[in-house]
Every structure is written in structure tokens, then in C-alpha cells.
Amino acid sequence: MRATKMFLFTFLAIAAGIWLAPAGLYAQIGTQATINGNVTDPSGAVIPGAHIVAVQNATHFTREADSDSAGNFQIPALPIGTYTVTVSANGMKTWEIQDLRLTIGAIQKVSPVLGVGAVNEVVTVQATRELQTETSSVQTTLDIPVLLDFPTASRDPIQFAQLTPGITYSAPSGPENGAYISGTGIRSNATSFTLDGTNINAPMDNGAIGVPIMDDIAEMTVEPSSASADAGRNPMQVKLVTKSGTNHLHGSVWEYFKNDALNAVYAFANKSQGKPKLRFNQFGGNLGGPILRNRAFYYGSFQATLNPSTNVYHVLAPSASTYQGNFPAGTKVKDPQTGLPFPNGPGGGPTIPANRINPASAYLAQFLPTANAGGYFDAQAPQQYKAYQSSLRLDYFLTPKQRIYARDIAFQSRNQTTAWLPSIVTLNNLDQNTIAVNYTYTITPRLLLTATAGFLQTANWFSSPEVGRTNYSDQAGIQGIDSAGRECCIGMPTLAITGYPGTSFPFGVNGKLYGNAPNTDLTVTLVRGKHTFSAGYALLNNRVYGQHASTYGRGYFLFSGTYTGNGLGDFLLGNAARSIKNLPLGQFGLDRNLLHSIHVDDVWKIRPDLTLNIGFRYEYFASPHFVAGNAATWDTAHNIIIAGEDSDGKVNLDHQPSAQAVAAATAGLWEPMSAAGIKQMIPSHGHWEPRLGFAWQPNPDMVIRGGYGVFENGIVGNRGASDIGAIPFFAIQQLDEGTTPVDYRYMWGQAPSFQQPSVNSTTSPHIDQARTQEWNLSTQTALPLSSSLTLSYIGNKAMGLPVAHDYNAPPPGKYANISKAQLHPNYGAIKLLENGADTWYHGLAVKWERRYTNGLYFLTSYMWSKSMSNHAYATGETSVITPYAPSWYERGSTPLDRRHNLKVTAIYNLPYGRGRMFGRHANWAMQEILGGWIASGYYAYLSGPPIAITVAGLTLGNGYGTRPDLVGNPNVAHPSKTQWFDPTAFATPAPYTFGNSGANPVWGPPLNYTDLGLHKDFSWAENRYVQIRLDAFNALNHVNLSTPGATIPSPSAGVISSAAAARTVQLGARIVF
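Using the working numbering, the first residue of the sequence shown is number 1, and each one after it goes up by one.
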């Protein structure tokens, strides 16, 4: 409470200072824009008191201002779109510019020159693509309506972010169906997504959800570096704005269609099994128009996607004979009883005697992939996907000075996926909704108020018909994975076999994950003089909940090759190196998770050609409140698990179904947080984030800009909610065996027990938000062809990124039983999420862009970059740092280190047809057949990612593996899917030692991708037409290989068994009116 009062006092004090400041305040509020300029006469003398009027062409929305004594004026908080701007003064001709395009956050400068004459004499100038002369951030603005002409397979607006230099895109995935971008060294969950100024980051994993369909988006801006102080929470920013209705009725309907009959065959598909099925239908429509002309408008849309398909499985797999112990020639499998290789059998390879095959493994082998096509297992599994999305937006001008709009987007999907084993079917039901309300009040021409409120919610239910029916561990004779307490979730245990395919059910089934995120934002704006400031306050409550079987609800067994030198050999003998199990979870999560933010900006126009951007942001991450206080972590000071307390100051053991039994069985291994002197399970933290930038225009055709900023990296909701991951609330246990093989049927014993309770990557009570410093320097130059060229240097350094540290692993060495040798032998794994990883990034970017003019649009972006880390494997919060590793061991390129990233996009009106270079007088037939076609294309080249090579088995002896020794050149002259690198260049290091190869010594395959499109509009009246189109994705059918197997030694080392999609053809039609 004291911290909250201090925070509010600070904000009110800043706001009061703003109101009393002698200079004015200004903001490019959220996703809105600004027009500014200086009014002069032909001699260059300034004209004070000139009257400026800006009118949005589509809605007749009007804003007015007057120039000050220096001739300067500014009109902020303008909705994006095209405007007509007029400037008038007594005794002067009226100056007018038409079709002035305002984009998200733009500060658009105009230069009115008023000649002597009558006011009713109008001088009209043509709007040109002016440079952004007053913004210091690096950004790319995309006109989504123009890009509707662009071939796009997913029709997800977020994918266009990859047109920004250095950015890559990941299609919607995960329980929240979130879309992600990464680049400039920033993790994929560290981007802030806003829609109409409100948050659309998923509460659990921070991806973009509730994203409108492409046809609903008016514009999108991507800021990968040094955004202004009104943007925060994450280092990268993506801002989207939806369309609104206008004074004219407009709408469209569409259908997009794909069928496998039109497609090329997937590179790894087994042709004898037929072409993989694809039946894609996406149809919908939108409609917008006036309710009251010039006052009230509506816009709505609906889209359905139906996509039955098949998933292709092509994996290197053992033969039926191998599962009986007969390994192929050249395989190395040693007998752990003698230390000698098993003798070769009739097939020429080592053979494990039938009486040594573990009965549980003999039973479970029937559920593992068996080679059916030349050493590979090939299968096609049916998938079903249905999605429905609708939106509605209402805009209303209450008065000429007050504007309000409300927007709602609903999304629903039903997804059924089948694994290679037909009985492993997963049903996913997802419902989402996002709501936004915005109010803008122009109190005076210089004083504005903007208030925004949003609400986002998501709920995902996942289940499998096979789960909850048969306890296959019992059937196999494995003890300790009891049905009692697992009635909802029993099934097949997870079998992880190093170097070979295993089997598992999807995460968490049966269960649900859900959450919501109310958010508000209030910004005050005042315009005066050369200084322009903004001040705002934002509040976000990121609430996350879950209830599921978690990762190890059916038991987990790792066969790493520790004992035989071969993962499958360990499995057949029944010698698991590790086992983990947990009981299902009842409801858990965060029911209060507040982020308070304030920001103040000063855009100081020092002189007409030089602008300075100064700002700061303060973000206060309040300690979250856990459901029933159920959270636990490890106390490094007293070496004991500490349990969270509820609002009554008690450890609540009534909320989780197994908590009372677990608490009693583990007494002495945990204590209440109050007894440990811990006041907050995740501590509150607040930090200042300075922002500084400049924009200098040395001549009318050039802008030089630079910027520096500090950004927080908020802890994603899933990590906080997962703090339930330890006793007494969550029964998760881990056993690690040592050099003495143990039959995995008896690892846990016959009776239920709570031995070796683990801490499952919970958050340290001392963790802080990571911080990222960003800087950039760029120059933008106007070029011929109505284009501009931007050259940029972008750099950043992230400090204190969260990673997991293991507080229980013993040093590398030989241990008969690792669990007994651990530092705290009464516990299993103790993995604590702490600040520990740093990354640094440097990139040189080139962007050549031409807005759609005279039938031609292009955008070319290229980034040459390097991304490094002191923990190269730490790709996310759950990445575990290898304990006892030397300082050099984990330093190297991050998985985001894609050195070369080239994207080329173009839309071109082909030159034949009426009004074009050729065929200007074509007759009706020629025009309809040959005239008016528009071609579009997209080309991407992305160099391959770095690949970490690991050694089979937990060779350090303490439950961890290592990298191999580098003994040769791993690169081959002609990399292919059968040998991308040379496995013989690596060797297993001496037992209990770290290998000497680098963190990522091999580079994976590049991405080389071309999309082509061709469409034509058949008009029957002005702005009314039928469009037909043909799109080909991966049109050249280039085989974009996935990364190779990277475990040494194993049959899959250096072998690639999957690739990106083959050429896919899409037909489309739309009616626009």
C-alpha cells in the first residue's frame, strides 16, 4: 500500500508539473499521428495567427489550430488516414494539400507558403512521401490494405512484421494460439503488441492474440529499436490499428481455397502413401458505413477457416528386429554388466540376448515408431482445424471536440490433431475475446485528453480421448505411477530415447489454461511553443490460471545412452537414467499481477531542421498475488523449500487435491514463507527507463536520426503462475541414477511415496526484471522513383535475462547413485529461475522503400547482424544453465543469430491495359482477358541458425551431458539431407569432463523462399469490382530443410528428416463494393 501511494504521488506530481510548465505538452498518443509545420510567406518571413484546418477525408473528422508568434503549429492526436489540410491568413491566398497520408505515430511535417492574394484564392500542392523528420526510433510502417494484394499463406497480419529488417515471424501456436516475432537479438516473448492502443499480448506466453483478420487492419508499425517513452513493457513494439466505418457504405466478401491437387509433393512424403491431404477454405466478409453522416460510423466483419489436412511423419526409426535387440552393423552398444560390446549377431551388428530385454520395454515397444520405409517410419495423420472470427467497431463524434470508439473481436477455434500413433488424438478448444474503448477530448486546440481501456481474455481446453482410460505403466509392470490421484490423466508414460523417436501424449492433457488482462491508459496532451511533451499513466493486470496434468502426469523416463552408449540399448535393457513424475494440478495461477507505468516525453524542436526527443518511463511490477497463496520456491539462504501464504497469512493446503497428503509426507522439507523471513514470493520492483533521441534534417532530402533507450523485460505470466511447482502444493519428484543401472520398473518402488520432491523451475524470491539497453543511428534519404533509402546501425544489450540454475547437482564425477550424491539428497532437482543471462547484438540494416504510387510498390530490407550470449543455450526462461561449466563453455551465438536476413516485396501493375503503357485503347475483349493484371511477389533469404552439438548420455556423471570434443572439420563440401555435417569430426570426451567444441559449432540450413501472386479486378462501377487471384507459396518449390540431428553418436547425427512446406497454390476471389 505504501508503494502504491508513493507511486500515485509521483505520478500526480509529474502531471502537475506538466500542467504548470511554461512550455507546452504534446504526444503522438498511442497509435495516432500529428501534423506540424511552420507557416511562411514567399520571402521566408513567418506568418503568426494563420488558421490551419485538417479534415480526414473518409469521415470528415476535423481539427483546427493557429500558428504561434513564430509561425509554428501542431495538430496532435489525429486518427490515421488521408487528410486535406488548408492554411489561411488575412491578405493571403489559401494554401491546401490533399491526400496527406498519416501513419501510426507519425509526426508529419508540412511547409505552407502563403502568397499575397485573396483568401478565396486556393493554391493546391501535391502530397508527396515526405521523410519522417522528427522521430528518432527505427520503425517500419506497413499499409495493410495495400498488402492485401500481396500473396500470403496464413493471412495473419503479424506475419508482415518480418518485412522489417532483421525480423522473423512464427505462426500462431501454443495453448493461446499466439503469434510471435523475434529479431535484433530480442527473445520471441519480448515484444509488446497493441491494437488500437490496447494490449493484445497473451497473458501466459506473451504472444499476439485477438489479432483481427487482415481485412480489418488499416495499418501496422514495427519498432525494433529505441521506441519513445510512451511504449514499454518489452524492448520491441508492434502497433496495429483497425479500420473504421466512413461516410460511404463499403464492404467486401471473399473466399480463399487450397487443395492438395494443386500442390507439389512434400519433400519427405512417402509417395506410396499418396499426396498429403489439404482442403483449405477461408471465407468471410466485412461491411462499414455511416450511422449518422459525419458523426457515427460502424464497421464489422466475419471470417471462417476450415482446414482438414494430414500431417506427415518421416523419422529415422529402428526396425522391428532392432526392437528385439538386433542392431544394424556399425552400431556401438556395450554391455553395462561387462563394459564390453555386445557380440555381433547374424545381421552383423551387436545383439542383446532375448533374456536381457526388459519385459516393460518389450511391452511398450509396440507404441514406438517402427521403420516401414528404408530405415524410416513414414505415416500420414489426419488433422482437423476450424476457426471463426468476428469483429465490430463503432465510432461516434459526441461533439466536434469529443470522439469515442468501441471495438470487440471474438475468436473461436476447434482443433483435432493426431500423432503418428492413431490413438494419440488431442482435442483443443480455444475461445478468445478482446474489447477496447477509446475516448479523446480536445479541451482546447492545445489541450487534449485521451483515455483507453481494454480487456482481453483467453480460454483453452485440451483433452485426449485415450487419456484417463488405461494406465500403460501398470500394464507394463512399472511401479510407482499409480492411478490413484491420476484418474483424469492416466495413459502412456513419456519415453525419451536419445537419438531415437520416443512417444508421449501432449502436455497437460486433460486440462485447461485460461487468463485475462484488463488494461487502461490515460494521456494528457498540451501544445505550445518549441517544446512538445506528453504524460501518461497505464495499468495492466495480467491474470493467468491453469488446471491440468502438467508435464509428467503419466510419468517420464529418460534413456540417454548412459549405460550402453546407445539410447535404444538403454531402453531395451530397461536402464533409465532419469525419471520424473507428478500428480495433476487443481486450479492455480495469478489472480492479481499488476504493472503500473508512467511516462513523460519532451519533443523539443530546437530549430526547424533539428528535433530532440527526451523522455523517461517508470515501470512498477507489483508483487503478484497467487490463487490461494499457492506458490513455492527454494530458499538459498536456508536450503529449504518455502511455501507461499494466502491473504490470511496461512499456508492453504485445501486448494490443491493432493496438498494435505504431500505436506504431511514431506514435513521438514518445507516451511512457510513467514518463517523464512520472505515477504514476497516474487518481489515488487520499479525502474526508471530513460529515452533519448534526435532527428536532424541537413537538407530536404535527408534525415539523420539516432536514439538510446532502456526497456524492461517483464516476467511472462506463465513463469509466475508456474511457481506452484514444488511441495507442499505440487507433488513433483525426480530420480537420477548413477553408474549403477537400475531397472526402471522399480525406480519408484511399489508403494506411493513422496521421495525426492523437486523444485520445478520456480521463481527466485530475489529475481528482478531484466533490462535491455537499445541504441541506433540511421540516415534516411529520398531517392528517385518516389522512394527512400534508410541505412541503420542497431545495437542492444540485455542484462539479467531469467534462466534456471540447478542448486542440487553434484560436481561432475562418478556416482553410483546421483540422487544420493546431490548437495541436498532429500530433494530431487532444484531448479530456480534467476537473473543470469546476458545477450548483446549488433546489426547493420538497409531498407529501400517505395509507397504504392503509379502502380508500383516495393520494400527491400536486409540485415547483417550478430547475436551473442554468455549462455548461448538460454533461449527462454526455462533453459537450465549447465552447472559447474567453465566460464567459456556457454558463451557463443544465440539461436537468434541469423547473420543474413533479406526480404524483397513488390507489387506491380503489369503494363498492358487501358490507362497503362501498352494497350491503352484495347477493346473490351482484350482488356478483360489481357489488361489490368497485377503481379506481386515476396522473396526471403535467411541464413541458417547455429546448432548445438551434444553427446549422447549424461556423461558428466551428475545428471547432465556435455558437448563433444572437436577432432576434425565438421563442415562438408556439399551439405545434404543425409549428411549436413560430418559426425566423425566430433568425439565423446573423457568421462566426467566438458567437451572442447564451441557452443554452436555448426550452422543449419538457410531459408530460401519465393511467393508469387497474380490478380485482376473486374470493375462494374467506381470502387466496385470482382477480384480473382492466383497465389503460389514457395513458388519455385525450393526444399527448405529443417535442422539436422545433433546428438553424437546416434544414427540421426547430421541427418535431416523434415522440411518446410512444398509449393502450395491458393485460388481466391473477392467482391468489393
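By construction, the Cβ of each residue, glycine as well, lies at the ideal position given by its N, Cα and C atoms.
So what's residue i in DSSP terms, helix, strand or just coil?
{"i": "Gly574", "result": "coil"}
{"i": "Ser244", "result": "coil"}
{"i": "Phe160", "result": "helix"}
{"i": "Val425", "result": "strand"}
{"i": "Ala1053", "result": "strand"}
{"i": "Val703", "result": "strand"}
{"i": "Thr351", "result": "strand"}
{"i": "Phe1073", "result": "coil"}
{"i": "Met92", "result": "strand"}
{"i": "Thr322", "result": "helix"}
{"i": "Ser111", "result": "coil"}
{"i": "Gly1045", "result": "strand"}
{"i": "Phe367", "result": "helix"}
{"i": "Asp215", "result": "helix"}
In or out: residue i buried (at least 16 other Cβ within 10 Å) or exposed?
{"i": "Gln1066", "result": "buried"}
{"i": "Ala1053", "result": "buried"}
{"i": "Lys605", "result": "buried"}
{"i": "Gly374", "result": "exposed"}
{"i": "Gly183", "result": "buried"}
{"i": "His599", "result": "buried"}
{"i": "Gly932", "result": "buried"}
{"i": "Asn189", "result": "buried"}
{"i": "Gln366", "result": "exposed"}
{"i": "Gln697", "result": "buried"}
{"i": "Trp670", "result": "buried"}
{"i": "Ser1057", "result": "buried"}
{"i": "Asp1106", "result": "Outside the shown range of the chain (1 to 1073) lies residue 1106, about which nothing can therefore be said."}
How about residue i and residue j: do their beta carbons lie closer than 7 Å?
{"i": "Gly957", "j": "Tyr815", "result": "yes"}
{"i": "Ala544", "j": "Gly480", "result": "What sits at residue 544 in the sequence shown is Val, not Ala. No, they are not a contact pair."}
{"i": "Ile75", "j": "Ile35", "result": "yes"}
{"i": "Pro328", "j": "Pro341", "result": "no"}
{"i": "Arg407", "j": "Asp196", "result": "yes"}
{"i": "Ala65", "j": "Ile52", "result": "yes"}
{"i": "Val138", "j": "Asn776", "result": "yes"}
{"i": "Gly553", "j": "Pro584", "result": "yes"}
{"i": "Gly485", "j": "Thr1047", "result": "no"}
{"i": "Gly574", "j": "Ala360", "result": "yes"}
{"i": "Arg578", "j": "Asp838", "result": "no"}
Could you spell out where the alpha helix (DSSP H) holding residue i opens and where it closes?
{"i": "Ile929", "result": "924 to 930"}
{"i": "Asn718", "result": "717 to 721"}
{"i": "Asp474", "result": "472 to 476"}
{"i": "Gln660", "result": "659 to 665"}
{"i": "Lys1086", "result": "Any answer about residue 1086 is impossible in this case: the structure gives the chain only from 1 up to 1073."}
For the beta strand (DSSP E) that residue i lies in, which residues bound it at each end?
{"i": "Val146", "result": "Per DSSP, Val146 belongs to no beta strand (DSSP E); it is in the alpha helix (DSSP H), 144 to 147."}
{"i": "Ala229", "result": "Careful: Ala229 lies outside any beta strand (DSSP E) and carries neither H nor E."}
{"i": "Pro359", "result": "Looking at the DSSP string, Pro359 is not in any beta strand (DSSP E); the run it does join, the alpha helix (DSSP H), is 359 to 364."}
{"i": "Lys679", "result": "Here Lys679 belongs to no beta strand (DSSP E), and DSSP marks it neither H nor E."}
{"i": "Lys258", "result": "250 to 259"}
{"i": "Ile1028", "result": "1024 to 1033"}
{"i": "His596", "result": "594 to 607"}
{"i": "Met917", "result": "Run containing Met917: none; DSSP gives neither H nor E here."}
{"i": "Pro802", "result": "787 to 806"}
Kindly give me the distance between the Cβ atoms of residue i and residue j, rounded to whole angstroms, as I take these residues to be in contact under 8 Å.
{"i": "Gly725", "j": "Ile732", "result": "6 Å"}
{"i": "Leu163", "j": "Lys903", "result": "6 Å"}
{"i": "Asn808", "j": "Leu823", "result": "5 Å"}
{"i": "Arg899", "j": "Lys866", "result": "7 Å"}
{"i": "Met681", "j": "Pro812", "result": "Their Cβ separation, rounded to whole angstroms, is 32 Å, which puts Met681 and Pro812 out of contact at 8 Å."}
{"i": "Asn1040", "j": "Leu540", "result": "Not a contact, Cβ separation roughly 38 Å."}
{"i": "Thr141", "j": "Thr221", "result": "5 Å"}
{"i": "Tyr537", "j": "Leu522", "result": "5 Å"}
{"i": "Asn796", "j": "Pro235", "result": "7 Å"}
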